[in-house]
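Read through the structure below, which is laid out as structure tokens, and then see the notes.
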Amino acid sequence: MFLNMVIERNPQLIIEAAKLHRDGVIEPNTYVLDVDSIYENARLIKETADKYNISLYYMTKQFGRNPIISKIIEKAGIDKAVAVDFDEARVLFDNGLKIGHIGHLVQVPKNDIKLSLLMKPEVITCFSYEKAKEISDNAKELGIMQDILLRVIDENDVIYPGQEGGIYLGKLKETVHHILKLKNIKIAGITSFPCFLYDYEKKEITPTHNVYTLLKAKEILNEMGLEIWQVNGPSATCCSSIPLLNKYGITHGEPGHALLGTTPLHAYTKQPEKPSIVYVSEISHINNEKAYCYGGGFYPRSNVKYALVSNNPEDILDRIFDVEELPPESIDYYGTILLNNRKVNVGDTVIYSFRTQIFVTRAKVALLEGLSSGKPKLTYIFDSKGNLLKDLRKKDNK
Numbered sequence: 029m030f031l032n033m034v035i036e037r038n039p040q041l042i043i044e045a046a047k048l049h050r051d052g053v054i055e056p057n058t059y060v061l062d063v064d065s066i067y068e069n070a071r072l073i074k075e076t077a078d079k080y081n082i083s084l085y086y087m088t089k090q091f092g093r094n095p096i097i098s099k100i101i102e103k104a105g106i107d108k109a110v111a112v113d114f115d116e117a118r119v120l121f122d123n124g125l126k127i128g129h130i131g132h133l134v135q136v137p138k139n140d141i142k143l144s145l146l147m148k149p150e151v152i153t154c155f156s157y158e159k160a161k162e163i164s165d166n167a168k169e170l171g172i173m174q175d176i177l178l179r180v181i182d183e184n185d186v187i188y189p190g191q192e193g194g195i196y197l198g199k200l201k202e203t204v205h206h207i208l209k210l211k212n213i214k215i216a217g218i219t220s221f222p223c224f225l226y227d228y229e230k231k232e233i234t235p236t237h238n239v240y241t242l243l244k245a246k247e248i249l250n251e252m253g254l255e256i257w258q259v260n261g262p263s264a265t266c267c268s269s270i271p272l273l274n275k276y277g278i279t280h281g282e283p284g285h286a287l288l289g290t291t292p293l294h295a296y297t298k299q300p301e302k303p304s305i306v307y308v309s310e311i312s313h314i315n316n317e318k319a320y321c322y323g324g325g326f327y328p329r330s331n332v333k334y335a336l337v338s339n340n341p342e343d344i345l346d347r348i349f350d351v352e353e354l355p356p357e358s359i360d361y362y363g364t365i366l367l368n369n370r371k372v373n374v375g376d377t378v379i380y381s382f383r384t385q386i387f388v389t390r391a392k393v394a395l396l397e398g399l400s401s402g403k404p405k406l407t408y409i410f411d412s413k414g415n416l417l418k419d420l421r422k423k424d425n426k
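So for the sequence shown, this note's numbering puts the first residue at 29; every next one is plus one.
See below:
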């Protein structure tokens with residue numbers, strides 16, 4: 029999906045990733061991240077957000093909850109993370125990172141609420157009165173107050189399968205009346221997902237019906253005498269969409285893919301954010317005019333179209349092949365490359381760039397620093413859940 033844009037805008041990332049594989053420094057099934065470009069992407073997003081008075085929480089699931097990348101993003105000025113689930117929050121918190129938002133998309137399980145409160149998030153999202161009560165009860169035990177967001181929904185909203193839930197507008201007043209009786213939480217705002225999506229016909233990011241649901245919810249809460257400080261509108265937050273957030277009264281965005289330069293918008297048009305990620309594999313075997321490379325890091329919604337295949341980093345940019353996308357019901361043991369009467373060899377390096385969610389894969393994550401200065405150096409290798417496998421700054425990695 030993004031390979032042509034990486035070839036155009038960040039070819040050295042491809043070449044260096046291929047060298048790392050040819051030299052045996054990284055294994056197949058490894059994502060290579062351009063740390064310098066991610067820093068610059070985060071800086072540009074923060075700069076744009078400041079211009080339009082939008083607050084940000086950065087999301088880490090796309091790059092595998094990686095604590096080093098998270099610290100780079102904090103250094104660029106986005107100082108708090110949104111954790112999509114409690115496991116992500118735990119990894120980030122254990123690595124000394126600040127949690128801004130937790131509970132969206134995945135609610136905090138009841139036995140993890142107390143620990144989540146001790147992480148001191150700015151807000152916790154609730155889908156229901158029952159979850160709000162659990163948070164209030166735990167906050168009371170700790171002697172603290174906790175700000176919460178309400179996830180609001182309405183008919184015609186975009187809701188992905190497996191992500192259903194929230195408070196319908198028609199029941200919002202009744203639910204809020206009950207929540208207001210809880211003593212140790214305060215309604216700070218509202219959220220929904222996805223609020224903005226790429227329109228493939230218009231070739232731009234546009235608001236979904238969810239945005240209008242948020243605006244109506246805010247109106248209802250204001251009529252009830254509630255002053256809220258957060259209208260959280262995640263999905264496709266990037267330099268190009270941030271003016272839209274401002275236009276529609278959204279106060280908070282949550283960049284994730286934009287940090288890697290991999291929103292759908294980035295696949296088709298040149299954006300301020302630079303593509304900063306490739307996936308490295310290796311030809312395992314060849315069968316019936318198809319070559320098969322090692323998998324483990326593919327993602328069902330990747331829209332992968334092409335791959336580069338070569339045993340020479342110097343010519344790999346010119347050796348592009350069509351690929352066959354794996355059916356979502358299949359385990360990604362291998363990726364399939366269509367040869368079309370061309371030759372590849374077992375052991376050749378394969379480079380992809382596609383939309384991913386590293387945290388749901390079996391891949392490794394390698395961090396490449398210094399690319400922007402012409403002094404590339406591989407510094408760390410992590411697993412897909414943010415656990416350190418190798419610190420390559422040290423001579424002894426045993």
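Each residue gets a CB set at the ideal place from its N, CA and C atoms; glycine is no exception.
Nearest-angstrom Cβ-Cβ length linking residue i and residue j, presumed shorter than 8 angstroms
i    : j    : result
Y80  : I270 : 5 angstroms
K213 : A160 : Note that residue 213 is Ile in the sequence shown here, rather than Lys. Their Cβ separation, rounded to whole angstroms, is 6 angstroms, which keeps I213 and A160 in contact under 8 angstroms.
L178 : K142 : At roughly 21 angstroms, the Cβ-Cβ gap does not stay under 8 angstroms, so L178 and K142 are not in contact.
S144 : A167 : With a Cβ gap of about 10 angstroms, S144 and A167 do not count as contacting.
V306 : N238 : Actually they do not touch by this definition, with Cβ atoms about 32 angstroms apart.
I172 : G217 : Not confirmed; about 18 angstroms, so no contact.
F60  : V308 : Note on residue identity: the sequence assigns Val, not Phe, to residue 60. Right, their Cβ atoms sit about 6 angstroms apart.
L225 : T219 : About 16 angstroms separates the two Cβ atoms, so there is no contact after all.
Per DSSP, the bridge partner or partners of residue i
i    : result
V177 : Checking the sequence, you will find Leu at residue 177 rather than Val. DSSP lists T153, G217 as partners of L177.
I379 : V308, L336
K392 : T58, D411
F224 : P235
E397 : K405
D419 : Y408
L84  : G281
I195 : V180
Contacts around residue i, its chain only, beta-carbon distance under 7 angstroms, and the 5 residues preceding and following it disregarded
i    : result
D424 : No answer about D424 holds up, because its pLDDT of 49 lies below 50 and its placement is not dependable.
L210 : A160, K161, S164
Y196 : I181, D182
Q174 : L145, I152, I163, A167, N212, I213
G414 : G92, R93, N94, P95, V119
K426 : With a pLDDT of only 48 at K426, under 50, the local geometry of the prediction cannot be trusted, and no value is derived from it.
Residues of its chain near residue i, where Cβ-Cβ distance is below 6 angstroms and the 5 sequence neighbours each way are ignored
i    : result
N328 : For clarity, residue 328 is Pro in the given sequence; the question names Asn instead. Contacts found: P356.
L416 : F410
G323 : D360, Y361, Y362, G363
A77  : L84, I270
G398 : P404, K405
G193 : F155
H285 : Q90, T291
K447 : For the chain, the structure presents residues 29 to 426; residue 447 sits outside this window and is missing.
L72  : C267, P300
A70  : I101, A104, I106, L287
Minimum C-alpha distance to residue i - residue among the options
i    : options                : result
K231 : Q299, L420, G253       : Q299
E158 : I172, L208, F121, G124 : L208
K103 : K74, Q135, N32         : K74
Q385 : V53, R50, L72, F91     : F91
L31  : T407, P222, P292       : P292
R390 : D64, P56, H49          : P56
I97  : A394, L420, G402, K422 : A394
G289 : K302, G277, G124       : K302
V204 : V53, G52, M252         : M252
L133 : Y320, K418, S263, S401 : S263
G261 : K246, E202, N250       : K246
A45  : K371, F349, L125, S304 : S304
I311 : N339, T279, T88, V332  : N339
Residues near residue i in its chain [Cβ-Cβ closer than 8 angstroms; skip 5 each side]
i    : result
L345 : I35, P39, I42, I43, L336
S330 : M29, E353, F382, R383, T384
K318 : E352, T364, I365, L366, L367
L249 : L200, V204, I215, I218, I256
Q191 : L133, F221
beta-carbon residue i near the ligand ATP non-hydrogen atom, thresh 7 angstroms
i    : result
D346 : Annotation note on the ligand ATP: not contained in the displayed structure, which lists no ligands.
At which residue ranges does the segment 318-369 contain complete beta strand (DSSP E) runs of 3 or more residues, listed in the order of the chain?
Restricting attention to beta strand (DSSP E) runs no shorter than 3 residues, the segment 318-369 encloses them at 318-322, 334-338, 348-352, 362-366, ordered along the chain.
In the segment 88-162, which residue ranges form an unbroken beta strand (DSSP E) of at least 3 residues, counting only runs that do not cross its ends?
The DSSP assignment places 109-111, 127-130, 151-154 as complete runs of the beta strand (DSSP E) inside the segment 88-162, in order along the chain (cut-off: 3 residues).
Beta strand (DSSP E) runs contained entirely in the segment 228-316, provided each spans 3 or more residues:
If only uninterrupted beta strand (DSSP E) runs of at least 3 residues are considered, those enclosed by the segment 228-316 are 232-235, 258-260, 305-315.
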